[in-house]
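Remarks on the structure that follows.
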Amino acid sequence: MTRRGTEARRARLVLVALLVALALWIVREFLPALAWAVIIAVAIDPLYLRLRGRWNGRIARVLLPAAITLAVALVVLVPLLFAIGQVLAEARQIAQGFEWARNNGIAPPVWLDGMAPFARAWWQAHLADPHAPGFVLGRMLDVDVVMHGRLIGSNLMHRAVVFAFTLMTLFFLLRDRDSIVEQCLRASDRVFGPAGERIGRQAINSVRATIDGLVLVGIGEGAVMTIVYSLLGTPHPIMLGILTAVAATIPFGAAVMFAVAAALQIAMGSPLNAGIIVVSGLVVLAVADHLVRPAIIGGATRLPFLWVLIGILGGAATFGILGLFVGPATMAVLVMLWRDFSDGAAAEDQAPPT
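Numbering-wise (the numbering used here), the sequence shown opens with residue 513 and increments by one.
As structure tokens, then:
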């Protein structure tokens, strides 16, 4: 290659890098939506191919992607709207109860007498006497409630826009699935060589296994705990079960909902039931997070449990909920490359000298 050709190639690479950086900066607000659309498309691709094989023409081209996109929207929105409806149905009662508690205080419950004296003293100073300097509820002003309501409203609006963009992107990913896959295969072959397709398949398998391990196991945890909540008479067991299933998608996240359910039982004067919820929840959590989930994710990706856990927790800490899928996929590809490198080095060491 001549010097002029080398300089031209470098100039093209610099231009491509600048354009990619500019494009990422322009769409930075929608990158989570794009990533979610890709994750969902990867997860449902086997089902989409199976359904597409039964229809041809316009149905397979447009109507089927639209129907699947609508189904995904319903799967997300129906439980969410149900939970919002439950909250709104009791919002007025909760607001009235909070206003009464702020003006009159909350009397110490009977079960508090069986605890250490400092617990009753703390309750009396912070929750029972509305005129006490340390009264917690008195510090919460109406202005603060309104400001928090506005922040929550703007946050919900932003997430609604991101969700709508995710659905739109998912539709186009499904509609143009074949051309996108073909372009990705050609690009990976040019960049990574023969290993490019294996890297892509490993990442795809990791995403699917992570979805199975997080979502399905989370639904199982939520179903089991819904039964426990119902048997023990916990208020709103179905809503608590749904929230437990959502929280259970994050490792050890369901423990937060166990604590909420236990607090409700304590407020009802049933500390024994609260203890049963905590113990049974921890047992379910231990089985799901230490046995079932690592077996599902690690079995499909040949990823050790430690790397599964690091990928999930590290991804969640870095990218939020999106990192629950990005983290294990990254770890799976990294471990695969390391095994290729170490196996190649071992083969070179064992090769006879020439």
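C-beta: ideal position from N, C-alpha, C; glycine also.
Among 771, 591, 723, 703, the one whose alpha carbon lies nearest that of residue 788 | Taking the sequence shown and counting its residues from 1, one reaches residue 788 at position 276. The shortest C-alpha separation from residue 788 is found at 771.
Mind checking which residues open and close the alpha helix (DSSP H) that includes residue 751?
-> Mapped onto the sequence shown, residue 751 falls at position 239. For residue 751, the uninterrupted alpha helix (DSSP H) run begins and ends at 749–760, by DSSP.
How close, in whole Å, do the beta carbons of residue 848 and residue 695 come, if the pair is a contact with beta carbons under 8 Å?
-> Translated into positions along the sequence shown, residue 848 becomes position 336. Translated into positions along the sequence shown, residue 695 becomes position 183. Not really, about 23 Å apart at Cβ, beyond 8 Å.
Whose C-beta lies closer than 6 Å to the C-beta of residue 858 among residues of the same chain, with five residues either side of it excluded?
-> Taking the sequence shown and counting its residues from 1, the one referred to as residue 858 is at position 346. Its pLDDT being 49, under 50, residue 858 is placed unreliably by the model, and the measurement read from it follows with that caveat. None.
Evaluate the contact criterion for the stretch 826–843 versus the stretch 780–800: three or more CB pairs, one atom per stretch, below 8 Å.
-> The stretch 826–843 is not in contact with the stretch 780–800.
For residue 539, which residues of its own chain have a beta-carbon under 8 Å away from its beta-carbon, when the five flanking residues on both sides are left out?
-> Reading the sequence shown from its first residue, position 27 is the one you call residue 539. Hits under 8 Å: 546.
Under the three-state reduction of DSSP, which class applies to residue 524: helix, strand or coil?
-> Counting from 1 along the sequence shown, the entry for residue 524 is found at position 12. Helix at residue 524.
Are the beta-carbon atoms belonging to residue 576 and residue 589 less than 8 Å from one another?
-> Indexing the sequence shown from 1 puts residue 576 at position 64. Indexing the sequence shown from 1 puts residue 589 at position 77. In this structure, residue 589 does not lie closer than 8 Å to residue 576 by Cβ.
Return the first residue and the last residue of the alpha helix (DSSP H) that residue 733 is part of.
-> Taking the first residue of the sequence shown as 1, we reach residue 733 at position 221. Segment 729–743, the alpha helix (DSSP H) holding residue 733.
Taking one C-beta from the stretch 731–740 and one from the stretch 759–778 each time, how about it: are there three or more such pairs within less than 8 Å?
-> yes
What are the complete alpha helix (DSSP H) segments, minimum 4 residues, inside the stretch 792–820?
-> Counting only runs of 4 or more, we get 805–813.
What's the gap between the Cα of residue 700 and the Cα of residue 712?
-> Within the sequence shown, the letter at position 188 stands for residue 700. Within the sequence shown, the letter at position 200 stands for residue 712. Separation of residue 700 and residue 712 (C-alpha to C-alpha, rounded to the nearest whole angstrom) is 8 Å.
Note down the Cα distance separating residue 743 from residue 752, rounded to an integer number of angstroms.
-> If you number the sequence shown from 1, residue 743 lands on position 231. If you number the sequence shown from 1, residue 752 lands on position 240. Each residue's Cα considered, the two are about 13 Å apart.
In this structure, does DSSP put residue 501 in helix, strand or coil?
-> The requested residue 501 does not occur in the structure, where the chain is confined to residues 513 to 866.
Mind reading off the beta-carbon distance from residue 725 to residue 808? Whole number of angstroms is fine, and I expect it under 8 Å.
-> On the sequence shown, position 213 is the one that residue 725 refers to. On the sequence shown, position 296 is the one that residue 808 refers to. The pair is a contact, with the Cβ atoms about 4 Å apart (cut-off 8 Å).
Count the other CB atoms within 10 Å of the CB of residue 537; is the residue buried (16 or more) or exposed (fewer)?
-> Within the sequence shown, the letter at position 25 stands for residue 537. By the 10 Å Cβ count, residue 537 comes out exposed.
To which residues of the same chain is residue 687 closer than 8 Å at the C-beta, ignoring the five residues directly before and after it?
-> As a working note, residue 687 is residue 175 in the sequence shown. The answer, listed in chain order, is 573, 574, 577.
Distance between residue 530 and residue 832 (C-alpha atoms, nearest Å) | Reading the sequence shown from its first residue, position 320 is the one you call residue 832. Reading the sequence shown from its first residue, position 18 is the one you call residue 530. Using only the alpha carbons, I get a separation of about 28 Å.
Enumerate in chain order the residues of its own chain whose CB-to-CB distance from residue 843 is below 7 Å, with the five nearest sequence positions on each side excluded.
-> Translated into the one-based positions of the sequence shown, residue 843 becomes position 331. Contacts found: 815, 819, 822, 823.
Per-residue burial, residue 522 [other beta carbons within 10 Å of its own, 16 or more giving buried] | Translated into the one-based positions of the sequence shown, residue 522 becomes position 10. Residue burial annotation: residue 522 is exposed, with fewer than 16 other C-beta atoms found within 10 angstroms of its C-beta.
Please report how far the alpha carbon of residue 706 lies from the alpha carbon of residue 810, in whole angstroms.
-> Taking the first residue of the sequence shown as position 1, residue 706 is located at position 194. Taking the first residue of the sequence shown as position 1, residue 810 is located at position 298. One C-alpha to the other measures close to 25 Å.
With a threshold of 7 Å, establish whether the CB of residue 835 neighbours any heavy atom of the ligand ZN.
-> Absent from the structure shown: the ligand ZN. Ligands present: none.
Per-residue burial, residue 837 [other beta carbons within 10 Å of its own, 16 or more giving buried] | Position 325 of the sequence shown holds residue 837. That one is buried.
Considering residue 619, what are the terminal residues of the alpha helix (DSSP H) in which it resides?
-> Along the sequence shown, read from residue 1 onward, the residue named residue 619 stands at position 107. Segment: none, residue 619 is in no alpha helix (DSSP H) and carries neither H nor E.
Where do the ends of the alpha helix (DSSP H) carrying residue 767 lie?
-> Taking the sequence shown and counting its residues from 1, the one referred to as residue 767 is at position 255. Per DSSP, residue 767 belongs to the alpha helix (DSSP H) from 766–779.
Quick one: grab the DSSP three-state call for residue 566.
-> The sequence position of residue 566 within the sequence shown is 54, counting from 1. Note: residue 566 maps to coil in three-state DSSP.
Measure the beta-carbon distance from residue 760 to residue 733 and round it to whole angstroms, keeping in mind my assumption that it falls under 8 Å.
-> Looking up residue 760 in the sequence shown gives position 248. Looking up residue 733 in the sequence shown gives position 221. Residue 760 to residue 733, Cβ: 4 Å. Contact.
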